[in-house]
Amino acid sequence: MFESLSQNLSSAIKSLRGRGRLTEANMREGLGLVRQALLEADVSFSVAKDFMARLTEQAIGERVLKSLDPSEQLVGIVHQELINLMGPVDHSLHLRGDLPVLMLCGLQGSGKTTTCGKLGRLVHGRGRKPMLVAADLQRPAAIDQLQVLGEQLGLPVYVETAATDPVKVCQAAVRAAKASEADLLILDTAGRLHVDRELMDQLSKIDDRMQPDQVYLVVDAMTGQDAVNSAKAFNEALELDGVIMTKLDGDARGGAALSVKAVTGVPIKFVGTGEHLDALEEFHPDRMAGRILGMGDVLSLVEQAQQKFDQEEMAKQQQRLSKGEFTLDDFKKMLGQTKKLGPLNKIMGMIPGMSGLNEMIGQVDAEKDMRRLVGVIDSMTPEERRNPSKVIDQSRRRRIAAGAGVQPHEVNELVKQFDGIADVMKRMSGMGIRDRMKTVQQLGQGGMLNPGARFAKQKKGTGKRLTPTERAQQKKLRKRELRRKKRETRTKGDK
Amino acid sequence: MGILDKFKQGLSKTKQLLNTDIRDLFKDEGRLVDEAFLDELFETLVKTDMGVQAAQETVDDIRTGFRARVVRMEDVLQRIKEKLKSLLAQPAAPIDFAESGPTVIMVAGVNGCGKTTSIAKLGQMFISDGKKVVLGAADTFRAAAVEQLTIWADRLQTPIVTGPRGSDPASVAHRTVARALETGADVCIVDTAGRLQTQQGLMQQLTKIHRVLGKQVPDAPHEVLLVLDATTGQNGISQARHFTDAVQCTGIILAKLDGTAKGGVVVAIRQQVGLPVKYIGVGEKAEDLALFEPVSFVDALFEDLGKSL
Ligand SMILES: Nc1nc2c(ncn2[C@@H]2O[C@H](COP(=O)(O)OP(=O)(O)OP(=O)(O)O)[C@@H](O)[C@H]2O)c(=O)[nH]1
Ligand SMILES: Nc1nc2c(ncn2[C@@H]2O[C@H](COP(=O)(O)OP(=O)(O)O)[C@@H](O)[C@H]2O)c(=O)[nH]1
Ligand SMILES: [Mg+2]
Ligand SMILES: [Mg+2]
Numbered sequence: 044m045f046e047s048l049s050q051n052l053s054s055a056i057k058s059l060r061g062r063g064r065l066t067e068a069n070m071r072e073g074l075g076l077v078r079q080a081l082l083e084a085d086v087s088f089s090v091a092k093d094f095m096a097r098l099t100e101q102a103i104g105e106r107v108l109k110s111l112d113p114s115e116q117l118v119g120i121v122h123q124e125l126i127n128l129m130g131p132v133d134h135s136l137h138l139r140g141d142l143p144v145l146m147l148c149g150l151q152g153s154g155k156t157t158t159c160g161k162l163g164r165l166v167h168g169r170g171r172k173p174m175l176v177a178a179d180l181q182r183p184a185a186i187d188q189l190q191v192l193g194e195q196l197g198l199p200v201y202v203e204t205a206a207t208d209p210v211k212v213c214q215a216a217v218r219a220a221k222a223s224e225a226d227l228l229i230l231d232t233a234g235r236l237h238v239d240r241e242l243m244d245q246l247s248k249i250d251d252r253m254q255p256d257q258v259y260l261v262v263d264a265m266t267g268q269d270a271v272n273s274a275k276a277f278n279e280a281l282e283l284d285g286v287i288m289t290k291l292d293g294d295a296r297g298g299a300a301l302s303v304k305a306v307t308g309v310p311i312k313f314v315g316t317g318e319h320l321d322a323l324e325e326f327h328p329d330r331m332a333g334r335i336l337g338m339g340d341v342l343s344l345v346e347q348a349q350q351k352f353d354q355e356e357m358a359k360q361q362q363r364l365s366k367g368e369f370t371l372d373d374f375k376k377m378l379g380q381t382k383k384l385g386p387l388n389k390i391m392g393m394i395p396g397m398s399g400l401n402e403m404i405g406q407v408d409a410e411k412d413m414r415r416l417v418g419v420i421d422s423m424t425p426e427e428r429r430n431p432s433k434v435i436d437q438s439r440r441r442r443i444a445a446g447a448g449v450q451p452h453e454v455n456e457l458v459k460q461f462d463g464i465a466d467v468m469k470r471m472s473g474m475g476i477r478d479r480m481k482t483v484q485q486l487g488q489g490g491m492l493n494p495g496a497r498f499a500k501q502k503k504g505t506g507k508r509l510t511p512t513e514r515a516q517q518k519k520l521r522k523r524e525l526r527r528k529k530r531e532t533r534t535k536g537d538k
Numbered sequence: 098m099g100i101l102d103k104f105k106q107g108l109s110k111t112k113q114l115l116n117t118d119i120r121d122l123f124k125d126e127g128r129l130v131d132e133a134f135l136d137e138l139f140e141t142l143v144k145t146d147m148g149v150q151a152a153q154e155t156v157d158d159i160r161t162g163f164r165a166r167v168v169r170m171e172d173v174l175q176r177i178k179e180k181l182k183s184l185l186a187q188p189a190a191p192i193d194f195a196e197s198g199p200t201v202i203m204v205a206g207v208n209g210c211g212k213t214t215s216i217a218k219l220g221q222m223f224i225s226d227g228k229k230v231v232l233g234a235a236d237t238f239r240a241a242a243v244e245q246l247t248i249w250a251d252r253l254q255t256p257i258v259t260g261p262r263g264s265d266p267a268s269v270a271h272r273t274v275a276r277a278l279e280t281g282a283d284v285c286i287v288d289t290a291g292r293l294q295t296q297q298g299l300m301q302q303l304t305k306i307h308r309v310l311g312k313q314v315p316d317a318p319h320e321v322l323l324v325l326d327a328t329t330g331q332n333g334i335s336q337a338r339h340f341t342d343a344v345q346c347t348g349i350i351l352a353k354l355d356g357t358a359k360g361g362v363v364v365a366i367r368q369q370v371g372l373p374v375k376y377i378g379v380g381e382k383a384e385d386l387a388l389f390e391p392v393s394f395v396d397a398l399f400e401d402l403g404k405s406l
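Just so you know, the protein sequences line up as chains A and B, in that order.
In terms of my numbering, the first sequence has 378 at position 335, counting the first letter as 1, and numbering is strictly consecutive.
In terms of my numbering, the second sequence has 145 at position 48, counting the first letter as 1, and numbering is strictly consecutive.
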């Protein structure tokens, strides 16, 4: 996969520096890398070219060449320029009048129908009463598809099963909406090629007759160089008001966002991040810029973490942390929570400076190593988990290793690593989100956030499992530990 | 024909024997192969979506071959096209039919790339070859996906096996093969739900469907076709790699080539993953499927080149 641009750049510029002073010519080599990154992210060639012209002007200025860390500077400028290009943001749907109309259009399979449902859900959540309109009479079962979505959302869908003219369907939908409670229409149109004259004319006609308040182009994030051609044609036919980019839940770099913005000039409003109807997010240029550059998408990670993590559990951990408590039990829970975010390599890709680790993780099977880590922790007594570096001596180490089926020195490694992490966790407890992310970044550079990787090369030991008595004893201890915790939270709750 | 023209004609036949630059003296038109020329060539190549790496390699090859010479565009093109055509070559008969019993074909790909429609097109092709076809609607996830394939089955007047929405797709796949065996069908084609290659759980589900298809018929599935949207950029490489890892794809159907997208990412895919293109989709109707032909595909990649250079 594509490596982090910042990583590439810093190593390139470092090696250039090794040859002496950083000159304009050397800087141009660095700029070549930026261009390559943009093209590999599917930014349109012409858009990338214009971008590079502007960037070059800034990059070969004194300020950058003479700075202490030119690669950092360069990445900073690139990042900012990308944000400028993809902004400004405007997430408003500009709903005015009694019965505002939103219309979605785009190529076949880009995600219009699904997005129709997602937008319906969004405005419904804001107190509107939307009605979805099945104006795709082209694709087999398109109407059924929208109807199913309507059912799932509990929203009305206007359909005419035998109709052949989408313009008439839309007009009839207005009448139906006025006769009902609905106060907003969302039109799902058929997918079409921008070079299909007949279907493009049909779209213009719907636009003409319906005078929609907002017309959005739905674009697949995986689109390559052709994005400029189709976006241009749709914009000329319809005067778009915004763009919605779908399928950003995958590993597409999404350079098409840049292309589409450049040729249409309209804001990117939302991004689709999944097939489910709640997977619609507001577009943020800074996150997208990071994604295009392979710099990671920290803020999305944080948001996702907030959604997926068990809030209650997080609150508990937070409380313990603020008291300076962080044990291997907490660590284990952290690992468990992390797993909920999805495959580890996806998470790593979202953390700046960590995308390089992905390659490594791919090889070592982080998930498996994580299970082994948990296995080691499980083989410890509660006391050992609370205070590993103090309590665990040689004989305990041997016992734990045997219990978990690993080598004794691996137990040692874990304890050492845990100490490092615990230290950071304690430090982070008093920080705001920004500083916290910075700390996470530092951690990332030290390879500490991938505890499993240190286990990678060792072969699996053949050690025996716990004896029944050991297990019974552990169970008892665990229960006691659990009771203690419950007591603790209860007393806290009382306060 | 003037004497000079005749001379030139004769010369071009013995071109290979001659040593470079002399030929260029006789050219009344042509262009110097300099950095500006190579930059423009690079641009054309990148715009096909073949990716920076493949484009750069091609440019480097032309640089070594023609640098500082005055060339006719056709000569440069010829060299590029020859290489690409041999890279993209594939056997004339793209489907590996089972020696006996039904041939099982699995179709996979990301969301909205054109899987279901491609299945209708494949079905139509087999039927017009006189084969008996059974379709399996193993996309039990997407709203109305089953209805969509059912409409196609009705249009083709061919049997279809379905399951309720949300049910286990592997079970639909299993029953599709069973039906094909029972009814003595020649081909059964199994649709799957679109999924992004990064979704591990869903990719494992696909692996399971693949495994189930092999339970009743040895060597099945005989073909695993990855449908790729021609508008796809560099993500196509990741798609090809991950889907091949999960279900050992045997080839690509390049859908939606009727637009302006070139589908050049298949060049990079062939180089990096080795997966060949077998068919192309050129419209939304059942007959809009064509055999992939490297020659016309490569010609189409460069049809704008004369204009820009
Ligand atoms: N992973 C993912 N899938 C999506 C997203 N948006 C839509 N899809 C899927 O993409 C496929 C096509 O989506 P549709 O909503 O049917 O697209 P469409 O533009 O209406 O397609 P046509 O009507 O055929 O032109 C479906 O399988 C959707 O579930 C997204 O943000 N992420
Ligand atoms: N223009 C064009 N449209 C296509 C082609 N193949 C599929 N489509 C359209 O692309 C959309 C998605 O196709 P579908 O088969 O449902 O994709 P799936 O989600 O992968 O099963 C539908 O609107 C199809 O009509 C093609 O070759 N050309
Ligand atoms: Mg649709
Ligand atoms: Mg389908």
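Note that the Cβ used here is the ideal one computed from N, Cα and C, for glycine as well.
Subject >> Heavy atom of ligand 5 within 7 Å of residue 234 of chain A beta-carbon >> reply: Among the ligands modelled here, namely ligand 1, ligand 2, ligand 3 and ligand 4, ligand 5 does not occur.
**OP:** Take residue 164 of chain B and list the residues in its own chain whose beta-carbon comes closer than 7 Å to its own, dropping the five residues that flank it on each side.
**Re:** 130
Subject >> Extent of the continuous alpha helix (DSSP H) run through residue 134 of chain B >> reply: Note, residue 134 of chain B: alpha helix (DSSP H), 132 to 144.
**OP:** Check the DSSP bridge columns for residue 173 of chain A and list the partner residues they point to.
**Re:** A:227
Subject >> Reduced DSSP category for residue 405 of chain B - H, G, I as helix; E, B as strand; rest coil >> reply: Since pLDDT at residue 405 of chain B reaches only 44, below the 50 mark, its modelled position is unreliable, and no value is offered.
**OP:** Kindly examine ligand 1 and report whether one of its heavy atoms sits closer than 7 Å to the Cβ of residue 154 of chain A.
**Re:** yes
Subject >> Start-end ranges of the beta strand (DSSP E) lying completely within the segment 224 to 267 of chain B, minimum 3 residues >> reply: 230 to 235, all fully within the segment 224 to 267 of chain B.
Original post:
How do the segment 289 to 300 of chain B and the segment 224 to 239 of chain A stand: do at least 3 beta-carbon pairs fall below 8 Å, yes or no?
Top reply: no
Original post:
Taking contact to mean at least 3 C-beta pairs separated by less than 8 Å, is the segment 387 to 400 of chain B in contact with the segment 166 to 178 of chain B?
Top reply: Yes, the segment 387 to 400 of chain B is in contact with the segment 166 to 178 of chain B.
Original post:
Taking C-alpha atoms, which residue in A:203, A:173, A:185, A:199 lies nearest to residue 228 of chain A?
Top reply: A:173
**OP:** At 8 Å on the CB atoms, spell out the chain A contacts of residue 400 of chain B, in chain order.
**Re:** For residue 400 of chain B, none of the residues of chain A pass the 8 Å Cβ criterion, the least Cβ distance being about 14 Å.
**OP:** Taking residue 212 of chain B and residue 291 of chain B to be in contact with their CB atoms under 8 Å, please state how far apart those CB atoms are, rounded to whole angstroms.
**Re:** 7 Å between Cβ atoms; contact.
**OP:** Evaluate the contact criterion for the segment 312 to 320 of chain A versus the segment 279 to 291 of chain A: three or more CB pairs, one atom per stretch, below 8 Å.
**Re:** yes
Subject >> Per-residue DSSP class, three states only, for residue 121 of chain B >> reply: Unreliable positioning characterises residue 121 of chain B in this predicted model, as indicated by a pLDDT of 42, which lies under 50. The coordinate reading is nonetheless provided below. DSSP places residue 121 of chain B in helix when its eight states are reduced to three.
**OP:** Kindly list, in the order they appear in chain A, the residues whose Cβ is closer than 7 Å to that of residue 326 of chain B.
**Re:** Chain A residues near residue 326 of chain B: 152.
Original post:
To which residues of the same chain is residue 162 of chain A closer than 6 Å at the C-beta, ignoring the five residues directly before and after it?
Top reply: Counting only Cβ-Cβ distances below 6 Å, and skipping sequence neighbours, we find 229.
Original post:
Between residue 151 of chain A and residue 197 of chain A, what straight-line distance do the alpha-carbon atoms span, to the nearest angstrom?
Top reply: 26 Å
Subject >> Below-8 Å beta-carbon distance, residue 77 of chain A vs any chain B residue >> reply: no
**OP:** Verify the contact flag: residue 179 of chain A, CB atom, against every heavy atom of ligand 3, threshold strictly below 7 Å.
**Re:** Remark: the shortest separation between the CB of residue 179 of chain A and any heavy atom of ligand 3 falls under 7 Å.
**OP:** Count the C-beta pairs between the segment 296 to 313 of chain A and the segment 253 to 264 of chain A that are closer than 8 Å, then say yes if the count reaches three, no if not.
**Re:** yes
**OP:** Evaluate residue 189 of chain B with the Cβ neighbour count: other Cβ atoms within 10 Å of its Cβ, from every protein chain shown; 16 or more gives buried, anything less gives exposed.
**Re:** With fewer than 16 other Cβ atoms within 10 Å, it is exposed.
**OP:** Could you please give me the residues that DSSP links to residue 325 of chain A through a beta bridge?
**Re:** A:313
Original post:
Any heavy atom of ligand 3 closer than 7 Å to the CB of residue 292 of chain B?
Top reply: Flag unset: Cβ of residue 292 of chain B not near ligand 3.
Original post:
Using the beta-carbon count (16 or more within 10 Å), is residue 281 of chain A buried or exposed?
Top reply: buried
Original post:
Taking 7 Å as the cut-off, is the CB of residue 261 of chain A close to at least one heavy atom of ligand 1?
Top reply: yes
Original post:
Bridge partners of residue 146 of chain A, per DSSP?
Top reply: A:230, A:258
Original post:
Between the Cα of residue 446 of chain A and the Cα atoms of A:186, A:417, A:426, A:284, which residue gives the shortest distance?
Top reply: Of the residues A:186, A:417, A:426, A:284, the one whose Cα lies closest to the Cα of residue 446 of chain A is A:417.
**OP:** Mark residue 75 of chain A as exposed unless 16 or more other C-beta atoms lie within 10 angstroms of its C-beta, in which case mark it buried.
**Re:** exposed
Original post:
Can you list the residues of chain B that residue 191 of chain A reaches, using a CB-CB cut of under 7 Å?
Top reply: 240, 241, listed in chain order.
**OP:** Can you grab the Cα-Cα spacing for the pair residue 253 of chain B / residue 220 of chain B, in whole Å?
**Re:** 8 Å
Original post:
Of all the options A:286, A:452, A:164, A:87, which has the alpha carbon lying nearest to the alpha carbon of residue 335 of chain A?
Top reply: A:87
Original post:
By a C-beta neighbour count over all protein chains shown, 10 Å radius and 16 as the cutoff for buried, is residue 127 of chain A buried or exposed?
Top reply: Answer is exposed; the Cβ neighbour count stays below 16.
Original post:
Among all the DSSP beta bridges, which residues are the ones paired with residue 289 of chain A?
Top reply: A:263
Original post:
If residue 383 of chain B and residue 148 of chain B are in contact, beta carbons under 8 Å, what's the gap, nearest whole angstrom?
Top reply: Not quite, the Cβ-Cβ distance comes to about 32 Å (not below 8 Å), so this is no contact.
**OP:** Taking all protein chains shown into account, decide if residue 438 of chain A is buried (16 or more other Cβ within 10 angstroms of its Cβ) or exposed.
**Re:** exposed
**OP:** Note down, in chain order, all residues in the segment 153 to 169 of chain B with a beta-carbon under 7 Å from any beta-carbon belonging to chain A.
**Re:** none
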